[in-house]
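K.L.:
If you use mature numbering (1 follows the signal peptide of the UniProt record, and there is no 0), the sequence shown corresponds to residues -21 to -1, 1 to 358, in order.
Note that CB positions come from ideal geometry on N, CA and C, so glycine has one too.
Can you read through this structure? Questions will come right after.
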Amino acid sequence: MTGIGSGLLVLFLCVVKTACALNASHLRGHEDYVQFLLASGVARTPPMGWNSWNHFQCGIDEWTVKSTADALVSTGLAALGYKYVNIDDCWAERNRDQMGNLRAKSSTFPSGIKALANYVHTKGLKLGIYSDAGYSTCSKTMPGSLGHEDQDARTFAAWGVDYLKYDNCYHDGSIPQQRGEENPAKWAGQLGNSWRTTGDIKDRWDSVTSIADINNIWGRFAGPGRWNDPDMLEVGNGGMTLEEYRSHFSIWAVMKAPLLIGCDIRSASRETLAILRNKEVIDVNQDPLGVQARKLRSKAGLEVWAGPLSRRRVVIVLWNRSGVRAPITVGWREIGLSPSQAVIVRDVWKHSFVSKSVRFHLTALVAPHACKMYVFTPV
């Protein structure tokens, strides 16, 4: 890195002006900062990668990070855009050194973070790290960055860190906006590239559905360089069915959420990898238009989600959150098309065309907790 924060992607669970803001202190308003974020070239589309917390929590070490980086490459995930290898909580010693610097835990990261970043970079990947806006992190196993914001930002930059996840435990009781609460979607885009909109995800169906509903509220605040984050993916961790995981991945993709894998990809099943490697779904998430899809209709657990894509296309998800198989219909008017407009309908999970000339509406029979995901291209 050539300077502090130059190319550092920042995810805020809370926000204190750290790495990104150091290079942008002269910027006067929100639009100036949006232009700064875009000019940096970082997060023009939602970031993709892997994060250690959902599967490993505090059981993380240097070897796990290195072997996960290797697996991202060997499984083909890196080639699809999964570039960030993000270490979550518990990576540092309990106490800072005599100069007040954070130190990697010698028992689990004996080579240090700089050497680990160098290893990850040799794979063509980027390294992410975790800190907190309080006196300690959420695990209480390492110091937070409160009072050391500039110092820690400089440390991360010197180590070659590319991504910072910044949490919000054990703060000093400062006013909510300073510690990153009270609707960060409305203002965190001035400070970082993404922000959490919800509480922590769990590997359960009810967690996925409730988080999707909350994240849906904030759709208008997302866009290139600044993204709503409904938390990491649980796909492959074992708490849901394959259909539920496909729904989870589909909704995160159309909501333009960061796609951060949360399972152990070194031992991921063929079915898990098939979900995570669906290029057509990934392409929707990474579409350059960068508009978050929204829920258009919900009745008795049967939902229609839709959003615009580049080249006049539209993405549609027919999501059955009920416990019984049921038909779901989407009409052209509710997605902003003329009823007589002919469209090519592509099923992105079956990788096939449903039809090359559909008008007025589309109906699909959807299994319980499953979804159908289509891309419409006007003819």
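(1) Given a cut-off of 8 Å, decide if Gln265 and Thr87 are closer than it, judged by their beta-carbon atoms.
(2) In whole angstroms, what is the alpha-carbon distance linking Arg290 and Gly315?
(3) If you pair each beta-carbon of the region 63 to 83 with each one of the region 246 to 259, do three or more pairs fall below 8 Å?
(4) Taking the continuous alpha helix (DSSP H) assigned at Ser189, which residues delimit it?
(5) Return helix, strand or coil for His340, following the three-state DSSP convention.
(6) Taking the beta strand (DSSP E) that Ser173 belongs to, which residues open and close that run?
(7) Taking C-alpha atoms, which residue in Tyr353, Arg245 and Val270 lies nearest to Ser53?
(8) Along the chain, where does the beta strand (DSSP E) that runs through Val327 open and close?
(9) Ordered along the chain, which non-local residues of its own chain (more than five positions away) have a Cβ less than 6 Å from that of Phe228?
(10) Per DSSP, Ile240 is paired with what?
(11) Per DSSP, which one or two residues make a beta bridge with Asn299?
(12) Alpha carbon to alpha carbon, how far is Gly217 from Trp29? Give it in angstroms, no decimals.
(13) Kindly give me the distance between the Cβ atoms of Val358 and Leu288, rounded to whole angstroms, as I take these residues to be in contact under 8 Å.
(14) Comparing C-alpha positions only, which one of Ile190, Ser186, Val309 and Asp182 sits nearest to Arg175?
(15) What do you reckon, are the CB atoms on Trp42 and Ala96 nearer than 8 Å?
(16) Taking 6 Å as the limit between beta carbons, can you name the residues of its chain near Gly198, skipping five residues before and five after?
(17) Pick from Thr134, Gly55 and Ala50: whose alpha carbon is nearest that of residue 366?
(18) Could you tell me whether the Cβ atoms of Asp111 and Asp146 are closer together than 8 Å?
(19) Per DSSP, Cys350 is paired with what?
(20) According to DSSP, Ser115 sits in a beta bridge with which residue or residues?
(21) In its own chain, which residues sit with a C-beta less than 7 Å from the C-beta of residue 365, not counting the 5 before and 5 after it?
(22) Taking only three categories from DSSP, how would you classify Arg73?
(23) Run through the DSSP bridge pairs and tell me what Ala83 is partnered with.
(24) Would you report the Cα separation of Ser186 and His127, rounded to the nearest angstrom?
(25) Is the beta carbon of Leu59 closer than 8 Å to that of Glu258?
(26) So, helix, strand or coil for Thr54, using DSSP?
(27) Quick test of the definition: if touching needs 3 or more C-beta pairs under 8 Å, does the region 337 to 350 touch the region 298 to 305?
(28) Going by C-alpha to C-alpha distance, which of Gly202, Gly269, Lys45 and Asp49 sits closest to Lys165?
(29) What first and last residue would you give for the alpha helix (DSSP H) that runs through Leu95?
(30) Pick from Pro237, Val64 and Phe339: whose alpha carbon is nearest that of Asp141?
P.N.:
Once the coordinates are examined:
(1) Translated into positions along the sequence shown, residue 87 becomes position 108. Translated into positions along the sequence shown, residue 265 becomes position 286. Thr87 places its beta carbon 8 Å or farther from that of Gln265.
(2) For the purposes of this step, residue 290 is taken as the residue at position 311 of the sequence shown. For the purposes of this step, residue 315 is taken as the residue at position 336 of the sequence shown. Annotation: Arg290 to Gly315 spans about 15 Å, alpha carbon to alpha carbon.
(3) Fewer than three beta-carbon pairs drawn from the region 63 to 83 and the region 246 to 259 are found closer than 8 Å, and the two stretches are therefore not classed as touching.
(4) As a first step, residue 189 must be located in the sequence shown, where it is residue number 210. Per DSSP, Ser189 is one residue of the alpha helix (DSSP H) stretching across Trp184 to Asn195.
(5) Position 361 of the sequence shown, counted from the first residue, corresponds to residue 340. If DSSP states are grouped into helix, strand and coil, His340 belongs with the strands.
(6) Position 194 of the sequence shown, counted from the first residue, corresponds to residue 173. Element bounds for Ser173: Ser173 to Arg175.
(7) Numbered from 1 along the sequence shown, position 74 holds the residue referred to as residue 53. Put simply, of Tyr353, Arg245 and Val270 the residue whose alpha carbon is nearest the alpha carbon of Ser53 is Arg245.
(8) Taking the first residue of the sequence shown as position 1, residue 327 is located at position 348. Per DSSP, Val327 belongs to no beta strand (DSSP E) and is neither H nor E.
(9) One-based indexing of the sequence shown puts residue 228 at position 249. Here Phe228 has Val214 and Ile254 as same chain residues with Cβ atoms under 6 Å from its own Cβ, once five neighbours each way along the sequence are excluded.
(10) Here the question's residue 240 lines up with position 261 in the sequence shown. Answer is Trp29, bridged to Ile240.
(11) Indexing the sequence shown from 1 puts residue 299 at position 320. Answer is Leu281.
(12) One-based indexing of the sequence shown puts residue 29 at position 50. One-based indexing of the sequence shown puts residue 217 at position 238. C-alpha separation (whole angstroms): 17 Å.
(13) Position 379 of the sequence shown, counting from 1, holds the residue named residue 358. Position 309 of the sequence shown, counting from 1, holds the residue named residue 288. The Cβ separation is near 16 Å, so there is no contact.
(14) Numbered from 1 along the sequence shown, position 196 holds the residue referred to as residue 175. Residue Ile190 holds the alpha-carbon nearest to the alpha-carbon of Arg175 among Ile190, Ser186, Val309 and Asp182.
(15) Locating residue 42 in the sequence shown gives position 63, where the first residue counts as 1. Locating residue 96 in the sequence shown gives position 117, where the first residue counts as 1. No, Cβ-Cβ distance for Trp42 and Ala96 is not below 8 Å.
(16) As a first step, residue 198 is located in the sequence shown; it is residue number 219 there, counting from the start. Same-chain partners within the cutoff: Gln271 and Arg273.
(17) Beyond the ends of the chain as shown, which are -21 and 358, falls residue 366; an answer cannot be given.
(18) As a position in the sequence shown, residue 111 is number 132, starting the count at 1. As a position in the sequence shown, residue 146 is number 167, starting the count at 1. Against a cut-off of 8 Å, the Cβ pair of Asp146 and Asp111 comes out as a contact.
(19) Here residue 350 refers to the residue found at position 371 of the sequence shown. Looking at the DSSP output, Cys350 bridges to Trp298.
(20) Along the sequence shown, one-based indexing puts residue 115 at 136. DSSP, once it has assigned bridges, lists Pro122 as partnering Ser115.
(21) Outside the shown range of the chain (-21 to 358) lies residue 365, about which nothing can therefore be said.
(22) Taking the first residue of the sequence shown as position 1, residue 73 is located at position 94. In the three-state DSSP reduction, Arg73 falls in the coil class, being neither helix nor strand.
(23) For the purposes of this step, residue 83 is taken as residue 104 along the sequence shown, with counting starting at 1. Answer is Ala71.
(24) In the sequence shown, counting from the first residue as 1, residue 186 sits at position 207. In the sequence shown, counting from the first residue as 1, residue 127 sits at position 148. Answer to the nearest angstrom: the Cα atoms are 34 Å apart.
(25) Position 279 of the sequence shown, counted from the start, is the residue given in the question as residue 258. Position 80 of the sequence shown, counted from the start, is the residue given in the question as residue 59. According to the sequence as given, residue 258 is Lys; it is not Glu. In contact: Lys258 and Leu59 (Cβ atoms closer than 8 Å).
(26) Here residue 54 refers to the residue found at position 75 of the sequence shown. In this structure, DSSP gives Thr54 a state outside helix and strand, which the three-state scheme calls coil.
(27) The region 337 to 350 makes contact with the region 298 to 305; the number of CB pairs closer than 8 Å reaches 3 or more.
(28) Looking up residue 165 in the sequence shown gives position 186. Minimum Cα distance to Lys165 is reached at Gly202.
(29) Reading the sequence shown from its first residue, position 116 is the one you call residue 95. Segment Ile92 to Thr101, the alpha helix (DSSP H) holding Leu95.
(30) In the sequence shown, residue 141 corresponds to position 162, counting from 1. Ranking Pro237, Val64 and Phe339 by Cα distance to Asp141 puts Val64 first.
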